[in-house]
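A.B. asks: Quick note: the sequence shown uses the working numbering, first residue 3, plus one each step.
All C-beta atoms in this analysis are idealised placements derived from N, C-alpha and C, irrespective of residue type, glycine included.
Just passing along the structure, written as structure tokens.
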Amino acid sequence: MEGRRSIIFTEFDTDFGQDFSNYYVDTKHEAERLLLGLRADGFDVNLYRIGDIVYDSEDGHFQENIGKNAVYLLMQSILELDYLPDLPFDFMEFSFVDFVSKAVVALMRQAELKQETYHLLNPFLISCQDLVKVLSKEGFKIQCVEGESFIQYLIANYDEEKKKDAIHNFLTYSHLLEMPMYTEFVIASDKTCCILRKLGIKWKKPDEESLRKMIEYGQEIHFFSRADNNIEK
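Set out below in structure tokens:
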């Protein structure tokens, strides 16, 4: 959005006149617009805006069509790289599928909550540093470097047969290069989290154990590379 570097987007917000370059996001926005029209006409409509759905937090398992999930494609690319940018902010959001399912069911059972909009996304993000620590314990030789060095690494390896797909997917699904060009939407979920806490449901930050289960499951189904394939650079 022209003239806006960032916007806080809460459960009470709908349309700022944003222009979506992503067709998938645009279709979701159009569906929401239609539902809000029904709400305005008096129909009981609750909206559930869901974050980046990932693995079951208990066992690390995930959907069969794992290759269609942006978070997993991003993680797959990360495991093939030598470096990650040492970003000054947390940037990966993991909404555990078991938690999202539990939260949706709990909210739907509250008959008195009508015409509501919920933000079901994990407020506890993880940083590149957090991720690298876990990957290091799993045997991956990935380092955090400052931004300019990381860009130079991408440029130097962009045409390398073993790296080009990983670099392309990292740039596509991390959206890092898009950040200076677009308005940043900061998704707030305070209202939803407050309601969920009263229902006895609390988000948890992705910890080392759950991330390890995610990686190991991805390796079991041959979607993620193994560390011994990553050592020889």
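Can you check DSSP and say which residues form a bridge with F172?
C.D. replies: The residue labelled residue 172 in the question sits at position 170 within the sequence shown. Answer by DSSP bridge pairing: none, since F172 is not bridged.
A.B. asks: Around the Cβ of N124, are there at least 16 other Cβ atoms within 10 angstroms (buried) or fewer (exposed)?
C.D. replies: On the sequence shown, residue 124 is found 122 positions in, with the first residue counted as 1. With 16 or more other Cβ atoms within 10 Å, it is buried.
A.B. asks: Leaving out five residues on either side along the sequence, give the residues of the same chain with a beta carbon under 6 Å from the beta carbon of A190.
C.D. replies: Numbered from 1 along the sequence shown, position 188 holds the residue referred to as residue 190. Closer than 6 Å at the Cβ level, and outside the excluded window around A190, lie I10 and T12.
A.B. asks: What are the boundary residues of the alpha helix (DSSP H) that I157 is part of?
C.D. replies: Position 155 of the sequence shown, counted from the start, is the residue given in the question as residue 157. Segment G149 to N159, the alpha helix (DSSP H) holding I157.
A.B. asks: Is the Cβ-Cβ distance between I144 and D209 less than 8 Å?
C.D. replies: Working through the sequence shown from its first residue, we reach residue 144 at position 142. Working through the sequence shown from its first residue, we reach residue 209 at position 207. No, the pair does not count as a contact, with Cβ atoms beyond the cut-off.
A.B. asks: Taking buried to mean at least 16 other C-beta atoms within 10 Å of its own C-beta, is V188 buried or exposed?
C.D. replies: The count along the sequence shown starts at 1 and reaches residue 188 at position 186. Per the 10 Å Cβ criterion, exposed.
A.B. asks: Could you tell me which residues DSSP pairs with V56 in its beta bridges?
C.D. replies: Your numbering for residue 56 matches position 54 in the sequence shown. Note: V56 sits in a beta bridge opposite F98.
A.B. asks: Using only CA atoms, which one of D58, H31 and K70 lies nearest to M216?
C.D. replies: On the sequence shown, position 214 is the one that residue 216 refers to. Looking at the Cα atoms, D58 is the closest of the given residues.
A.B. asks: To the nearest angstrom, how far is the alpha carbon of G19 from that of Y120?
C.D. replies: Here the question's residue 19 lines up with position 17 in the sequence shown. Here the question's residue 120 lines up with position 118 in the sequence shown. G19 and Y120: Cα-Cα distance of roughly 20 Å.
A.B. asks: Rounded to whole angstroms, what is the Cα-Cα separation between I233 and K206?
C.D. replies: Position 231 of the sequence shown, counted from the first residue, corresponds to residue 233. Position 204 of the sequence shown, counted from the first residue, corresponds to residue 206. Its pLDDT being 48, under 50, I233 is placed unreliably by the model, and the measurement read from it follows with that caveat. Approximately 32 Å between the Cα atoms of the pair.
A.B. asks: For S129, which three-state DSSP category applies?
C.D. replies: Counting from one through the sequence shown, the residue named residue 129 turns up at place 127. Coil, per DSSP.
A.B. asks: Looking only at its own chain, which residues have a Cβ that is under 8 Å from the Cβ of K165, when we skip the five neighbours before and after it?
C.D. replies: Position 163 of the sequence shown holds residue 165. Result list for K165: E82, L83 and N159, in chain order.
A.B. asks: Just to confirm, is the Cβ distance from I169 to V99 under 8 Å?
C.D. replies: To locate residue 169, count along the sequence shown from 1; it is residue 167. To locate residue 99, count along the sequence shown from 1; it is residue 97. Result no, Cβ atoms of I169 and V99 do not sit closer than 8 Å.
A.B. asks: Which residue or residues does DSSP assign as beta-bridge partners of F1?
C.D. replies: The requested residue 1 is not part of the displayed model; the chain covers only 3 to 235.
A.B. asks: For L127, I'd like the list of residues in its chain whose CB is within less than 7 Å of its CB, leaving aside the five on either flank, ordered along the chain.
C.D. replies: Working through the sequence shown from its first residue, we reach residue 127 at position 125. Answer for L127: D92, F93, M94 and E95, listed in chain order.
A.B. asks: Residues in its own chain within less than 8 Å of Y219 by CB, not counting five upstream and five downstream?
C.D. replies: Along the sequence shown, read from residue 1 onward, the residue named residue 219 stands at position 217. Only Y57, D61, G62, H63 and F64 meet the Cβ criterion.
A.B. asks: My guess is that L274 and A108 are in contact by the Cβ rule of under 8 Å, so how many angstroms apart are they, rounded?
C.D. replies: The displayed coordinates of the chain run from 3 to 235. Any statement about residue 274 would go beyond what the structure contains.
A.B. asks: Would you report the Cα separation of Y175 and R41, rounded to the nearest angstrom?
C.D. replies: Counting from 1 along the sequence shown, the entry for residue 175 is found at position 173. Counting from 1 along the sequence shown, the entry for residue 41 is found at position 39. Their backbone Cα atoms lie some 33 Å apart in a straight line.
A.B. asks: Which residues bound the alpha helix (DSSP H) around T29?
C.D. replies: Counting from 1 along the sequence shown, the entry for residue 29 is found at position 27. Start and end: Y25 to A42.
A.B. asks: Please report the distance separating the alpha-carbon of G149 from that of D167.
C.D. replies: What you label residue 149 is simply residue 147 of the sequence shown in a count that begins at 1. What you label residue 167 is simply residue 165 of the sequence shown in a count that begins at 1. Computed Cα separation, rounded: 20 Å.
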